[in-house]
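Enquirer:
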Amino acid sequence: MKYLNVWLILLCVLCIISADAQEKKLYKIHTIAFYNLENLFDTINDPNKLDEFSPIMALKTNRSRVYKKKLKNLAQVIADIGFDITNNTPAVIGVSEIENREVLEDLVNDSLLQDKDYDIVHFDSPDARGIDVGLLYQKKLFTPMYTSKHELKIYDDTNRKRVYTRDQLLVSGYLEEEMIHIIINHWPSRRGGEARSRPKRIAAAKLNKYLIDSLQVINPYAKVFIMGDLNDNPTNESIKTILKAKKDKKKVGLKGLYNPFESYFKNGLGTTAYRDSWSLFDQIIITKPLLEKEHTSYRFYKAGIFNKSYLFHKNGRYKGYPFRSFSNGYFTNGFSDHLPVYMYVIKAIE
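All residue numbers for the sequence shown refer to this note's numbering, where the first residue is 2 and numbers rise by one.
#1: Is the beta carbon of Asn308 closer than 8 Å to that of Leu340?
#2: Quick test of the definition: if touching needs 3 or more C-beta pairs under 8 Å, does the segment 28-41 touch the segment 70-87?
#3: Flag this pair as yes or no: are the beta carbons of Glu39 and Ser337 separated by less than 8 Å?
#4: Could you check if Gln23 is buried or exposed, using at least 16 other CB atoms within 10 Å of its CB as the buried criterion?
#5: Return helix, strand or coil for Leu9, following the three-state DSSP convention.
#6: For Asp214, does the three-state DSSP call read helix, strand or coil?
#7: Helix, strand or coil for Ala274? Go by DSSP, reduced to three states.
#8: From this set, Ser278, Gly257, Gly95, Ser112, which residue's C-alpha is nearest Lys320's C-alpha?
#9: Which residues in the same chain have their Cβ closer than 8 Å to the Cβ of Leu208, if we skip the five residues on either side of it in sequence?
#10: Which value, in whole angstroms, describes the spacing of the CA atoms of Asp120 and Tyr138?
#11: Are the Cβ atoms of Tyr156 and Arg163 separated by less than 8 Å?
#12: Within its chain, find whatever has a CB closer than 6 Å to the CB of Lys303; leave out the 5 residues flanking it on each side and keep chain order.
#13: At a cut of 8 Å, does the segment 180-193 reach the segment 218-232 through at least three beta carbon pairs?
#14: Does the structure place the segment 129-149 close enough to the segment 97-111 that three or more beta carbon pairs sit under 8 Å?
#15: Roughly how many angstroms separate the alpha carbons of Ile57 and Leu105, rounded to a whole number?
#16: Just to confirm, does Tyr138 get its C-beta within under 7 Å of one of the non-hydrogen atoms of the ligand FMN?
#17: From Gln217 to Asn232, what distance separates their C-alpha atoms?
#18: Can we say the segment 259-274 touches the segment 232-247, given the rule of at least three CB pairs closer than 8 Å?
#19: Mark Thr213 as exposed unless 16 or more other C-beta atoms lie within 10 angstroms of its C-beta, in which case mark it buried.
#20: Can you give me the C-alpha to C-alpha distance between Ile306 and Phe42, rounded to a whole angstrom?
#21: Taking 8 Å as the limit between beta carbons, can you name the residues of its chain near Val253, skipping five residues before and five after?
#22: Identify whether Tyr156 lies in helix, strand or coil by the three-state DSSP scheme.
#23: Count the other C-beta atoms from every protein chain shown that fall within 10 angstroms of the C-beta of Gln284, then say buried if there are 16 or more, exposed otherwise.
#24: Indicate the three-state DSSP secondary structure (helix, strand or coil) for Lys327 in the structure shown.
#25: Taking Pro358 as part of the alpha helix (DSSP H), name the residues at either end of that continuous run.
#26: Rounded to the nearest angstrom, what separates Glu178 and Val109 at their Cα positions?
#27: Less than 8 Å between CB atoms is the rule here; does Gln115 satisfy it with respect to chain D?
#28: Who are the near neighbours of Ile1 in its chain, counting only those whose CB is closer than 8 Å to its CB and skipping five residues on each side?
#29: Any idea what DSSP makes of Ala196, helix, strand or coil?
#30: Who are Val96's beta bridge partners in DSSP?
#31: Can you tell me whether Ala129 is buried or exposed, with buried defined as 16 or more other CB within 10 angstroms of its CB?
#32: Leaving out the 5 sequence neighbours to the left and right, which residues in its chain are closer than 8 Å to Asn160 when beta-carbon positions are compared?
#33: Please work out which residues of its chain come closer than 6 Å, Cβ to Cβ, to Ile286, disregarding the five sequence neighbours upstream and downstream, and give them in chain order.
#34: For Pro127, which residues of its own chain have a beta-carbon under 6 Å away from its beta-carbon, when the five flanking residues on both sides are left out?
#35: Which whole-angstrom value describes the C-beta separation of Thr272 and Val342, a residue pair presumed to lie in contact below a C-beta threshold of 8 Å?
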């Protein structure tokens, strides 16, 4: 938590001035984030999962050392997200491509994060690769009240067999004294081609829409954060047609959604790269109540892609690409093949 007076905000964050331009105000600011952790698997062979195909299990030697180094690298990134503005790590951060709760426990107990006292929300998913989504939260800032996982039932379009993928995680709780809802996603991949795999992501978006609608039936003013690796860009059908997320805040209705990452994408920015093309699969989308102009409760200020220089390859074939952890069967001492995304929320203090 960070208390900022208006002069510091003028320099660093907002340029918000009180109505009479005389009174100084105090503000709180928090970071909400999402990060695909790129195959964060442990070194134990789980007979109930296909983890033997994970990059770390494919290593012939030094698995324990590599695991510890990957944790350290990921902890460094999480410790840096939003720190230059809030002087704190994210209040909450959704994560994907994790094997189990234990890897998250090892991550939050790294020396770079331990003093933040993160806790975890995690459920095992039926995903064929054995990967899940989860939520990390600072216990002093966020209190979960309700948690649930929601199964996505999809089928192969050729043989109609069930495709087992990640559940969607819904966490409702108090960011300090304010109720918020977070839906964490890792939608089906584009394996087999974008067009062929598109119906699976359409189905994922429909499940998201059902969860959002359910929350808004209870409270039309529900503050909802939809985050994740969606494996679709902000302009794809799943987001534009099913979720109906808009890039213009002024066009968002009461139960509508705002996607600040559409503008980034249209400006050529992304979170993951393949064959010299950037995609912006990692996004955070929010509901209308987070866009109100008054700041008596937490409101959206700004979103961004966390793209510090150390997160990119500096040379070689993949120069300029995200510095991933594994490549061609080797540990690269990198971070992830995805860049994190984040959002700042602010609140005025009387």
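Backbone N, C-alpha and C fix where the C-beta goes; we use that ideal spot for every residue, glycine too.
Expert: The short version:
#1: yes
#2: Judged by Cβ distances under 8 Å, the segment 28-41 makes contact with the segment 70-87, as three or more pairs qualify.
#3: yes
#4: Note that Gln23 has pLDDT 44, beneath the 50 cutoff, so the model's placement of it is unreliable and the number below is only indicative. Gln23 should be labelled exposed.
#5: Reliability fails at Leu9, whose pLDDT of 37 lies under 50, so the model's placement of it is uncertain and the value that follows must be treated cautiously. Correct three-state label for Leu9: helix.
#6: helix
#7: Look at Ala274 here: in three-state DSSP terms it is strand.
#8: Ser278
#9: His151, Leu153, Gln169
#10: Annotation: Asp120 to Tyr138 spans about 5 Å, alpha carbon to alpha carbon.
#11: yes
#12: Cβ neighbours of Lys303 beyond the five flanking positions: Tyr345.
#13: yes
#14: A contact exists between the segment 97-111 and the segment 129-149.
#15: 16 Å
#16: Inclusion of the ligand FMN in the displayed structure is not the case, the ligand content being empty and no account of it being possible.
#17: 25 Å
#18: yes
#19: According to the sequence as given, residue 213 is Ile; it is not Thr. So Ile213 ends up on the buried side.
#20: Cα to Cα, Ile306 sits roughly 25 Å from Phe42.
#21: Lys247, Tyr259, Lys289, Leu292
#22: strand
#23: buried
#24: Sequence check: residue 327 is Phe here, not Lys. Assigned with DSSP and collapsed to three states, Phe327 falls in strand.
#25: What the structure shows of the chain is the stretch from 2 to 351, and residue 358 is not part of that stretch, so it cannot be assessed.
#26: 24 Å
#27: In the displayed structure, chain D is absent; only one protein chain is listed.
#28: It is not possible to answer for residue 1, since the shown part of the chain is limited to 2 through 351.
#29: helix
#30: Tyr36, Gly135
#31: exposed
#32: none
#33: Ile227, Ala246, Leu258, Asn260
#34: Cβ neighbours of Pro127 within its own chain (closer than 6 Å, five residues either side excluded): Tyr165.
#35: Between Thr272 and Val342 the beta-carbon gap is near 6 Å, inside 8 Å, which marks them as a contact.
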